[in-house]
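Asks:
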Amino acid sequence: MKGFFLTFYCLFFCCSIIHAQQEDIKLLRAVYAGNRSMDAMHALSQSTYPISILCPVAVYAFSSKQDSNALLHTKQVLYSMATAAIFTYGTKWLINRARPYETYADIIPYNKEIDPSFPSGHTSMAFNTAMNISMLSHQPWVKITAFTWASAIAYSRLYLGEHYPSDIIAGALIGAGSAYLSSKAQAWLLYQNRKKKRSHDF
Numbered sequence: 001m002k003g004f005f006l007t008f009y010c011l012f013f014c015c016s017i018i019h020a021q022q023e024d025i026k027l028l029r030a031v032y033a034g035n036r037s038m039d040a041m042h043a044l045s046q047s048t049y050p051i052s053i054l055c056p057v058a059v060y061a062f063s064s065k066q067d068s069n070a071l072l073h074t075k076q077v078l079y080s081m082a083t084a085a086i087f088t089y090g091t092k093w094l095i096n097r098a099r100p101y102e103t104y105a106d107i108i109p110y111n112k113e114i115d116p117s118f119p120s121g122h123t124s125m126a127f128n129t130a131m132n133i134s135m136l137s138h139q140p141w142v143k144i145t146a147f148t149w150a151s152a153i154a155y156s157r158l159y160l161g162e163h164y165p166s167d168i169i170a171g172a173l174i175g176a177g178s179a180y181l182s183s184k185a186q187a188w189l190l191y192q193n194r195k196k197k198r199s200h201d202f
């Protein structure tokens with residue numbers, strides 16, 4: 001429960017800093033590619049959704065060889081992805097923040113997106129995937145790789161001129177928070193089911 005309130009307190013805090021537009025655009029301009037090539041960063045950014053979609057498949061494939069709860073882990077990943085998507089796109093249309101290039105003529109993006117800017121959908125999915133992998137893996141190098149990839153995705157969204165830094169922060173919080181909360185919710189439900197089963201046995 002504490003994690004729930006902390007995550008969404010952070011989200012609403014990020015909503016409030018949208019109005020600090022000058023600092024946001026300064027940070028964006030510091031990272032934005034400008035006249036530099038965007039092709040490599042675009043390719044990296046495009047890896048977000050394919051890797052995120054493959055995540056539950058990989059979780060099931062690897063877990064089923066060594067864990068009888070493989071299906072439960074896979075469901076938890078799917079639920080967390082759905083939760084992240086609902087909160088991300090619900091917030092996008094609720095806040096309806098214009099993209100940087102719609103407000104500032106010097107920001108020319110690689111592609112023009114049709115949905116609002118806040119929060120970043122790519123960053124949300126990337127950090128959701130990284131958090132799920134991190135919670136299910138016991139290998140430090142896997143955790144580090146997952147979060148390095150997610151952080152690179154977040155950076156690419158600024159480099160390509162698609163988002164403000166506050167969009168990125170909020171996306172990371174929603175994505176990672178959804179994975180964490182889904183994991184805790186599943187653990188609580190499993191505990192309740194075991195508790196109910198024990199009471200029936202007596």
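Start counting the sequence shown at 1; every next residue gets the next number (the numbering used here). We put the CB at the ideal spot given by N, CA and C, even for glycine. Treat the numbers as computed from the prediction; the structure is a model and nothing was measured.
For Phe147, collect the residues of the same chain with a Cβ closer than 6 Å to its Cβ; drop the 5 residues on either side in sequence, then sort them by chain order.
Replies: Numbered from 1 along the sequence shown, position 147 holds the residue referred to as residue 147. If we look at Phe147 and ignore the five residues flanking it on each side, its Cβ neighbours are Ala130.
Asks: Please list, in chain order, all residues of the same chain as Tyr104 whose beta carbon is under 8 Å from its beta carbon, the five residues on each side excluded.
Replies: Here residue 104 refers to the residue found at position 104 of the sequence shown. Non-local beta-carbon contacts of Tyr104 in its own chain, meaning distances under 8 Å to residues more than five positions away in sequence, involve Ile25 in chain order.
Asks: Below 8 Å CB to CB, which residues in the same chain sit around Pro116 once its five sequence neighbours on both sides are set aside?
Replies: The count along the sequence shown starts at 1 and reaches residue 116 at position 116. Cβ within range, chain order: Lys92, Trp93, Ile95, Asn96, Arg97, Ala98, Arg99.
Asks: Relative to the C-alpha of Glu162, which candidate in Glu23, Arg29, Leu181 has its C-alpha closest?
Replies: Start at 1 with the first residue of the sequence shown, and residue 162 comes out as number 162. When each option's Cα is compared against that of Glu162, the closest is Arg29.
Asks: What's the C-alpha gap between Glu113 and Leu78?
Replies: If you number the sequence shown from 1, residue 113 lands on position 113. If you number the sequence shown from 1, residue 78 lands on position 78. Between Glu113 and Leu78, the C-alpha separation is close to 25 Å.
Asks: Give me, in chain order, the residues of the same chain whose beta-carbon lies closer than 6 Å to that of Ser124; leave out the 5 immediate sequence neighbours on both sides.
Replies: Along the sequence shown, one-based indexing puts residue 124 at 124. If we look at Ser124 and ignore the five residues flanking it on each side, its Cβ neighbours are Ala84, Thr88, Gly171, Ile174, Gly175.
Asks: Going by C-alpha distance, which of Arg36, Gln21, Ile86, Ile51 is nearest Ile153?
Replies: Your numbering for residue 153 matches position 153 in the sequence shown. Measuring from the Cα of Ile153, the nearest candidate turns out to be Ile51.
Asks: Could you tell me which uninterrupted alpha helix (DSSP H) segments, each at least 4 residues in length, are contained entirely in the segment 22-98, listed from first to last along the chain?
Replies: 39-46, 48-63, 70-95
Asks: Assign Trp141 to one of two classes, buried (16 or more other C-beta atoms within 10 Å of its C-beta) or exposed (fewer than that).
Replies: The sequence position of residue 141 within the sequence shown is 141, counting from 1. Note on Trp141: under 16 other CB atoms within 10 angstroms of its CB, so exposed under the neighbour-count rule.
Asks: Report the residue from Gly177, Tyr164, Gln192 whose alpha carbon sits nearest the alpha carbon of Gln22.
Replies: For the purposes of this step, residue 22 is taken as the residue at position 22 of the sequence shown. Considering only alpha carbons, the answer is Tyr164.
Asks: Which of helix, strand or coil does DSSP assign to Lys2?
Replies: Numbered from its first residue, the sequence shown carries residue 2 at position 2. With a pLDDT of 49 at Lys2, under the threshold of 50, the modelled position of this residue cannot be trusted; read the value that follows with caution. The answer is helix: DSSP assigns Lys2 an H, G or I state.
Asks: Given a threshold of 16 other Cβ atoms within 10 Å of its Cβ, counted over all protein chains shown, does Phe5 qualify as buried or as exposed?
Replies: On the sequence shown, residue 5 is found 5 positions in, with the first residue counted as 1. The pLDDT assigned to Phe5 is 49, lower than 50, so where the model puts this residue is not dependable; a value taken from the coordinates is nonetheless given after this. Phe5 is classed as exposed because its beta carbon has fewer than 16 other beta carbons within 10 Å across all chains shown.
Asks: Just to confirm my understanding: we take Lys2, look at its own chain, exclude 5 residues before and 5 after, and list those with CB closer than 7 Å. What are they?
Replies: Taking the sequence shown and counting its residues from 1, one reaches residue 2 at position 2. Legend: pLDDT at Lys2 = 49, less than 50; position of this residue unreliable, no value from coordinates given.
Asks: If you draw a straight line from the C-alpha of Ala74 to the C-alpha of Gln46, how long is it?
Replies: To locate residue 74, count along the sequence shown from 1; it is residue 74. To locate residue 46, count along the sequence shown from 1; it is residue 46. It should be noted that the sequence gives Thr, not Ala, for residue 74. The alpha-carbon atoms of Thr74 and Gln46 are separated by roughly 23 Å.
Asks: Taking the CB atoms as reference points, tell me whether Ile107 and Tyr32 lie closer together than 8 Å.
Replies: Residue numbering aside, residue 107 sits at position 107 when the sequence shown is read from its first letter. Residue numbering aside, residue 32 sits at position 32 when the sequence shown is read from its first letter. Yes. Within cutoff.
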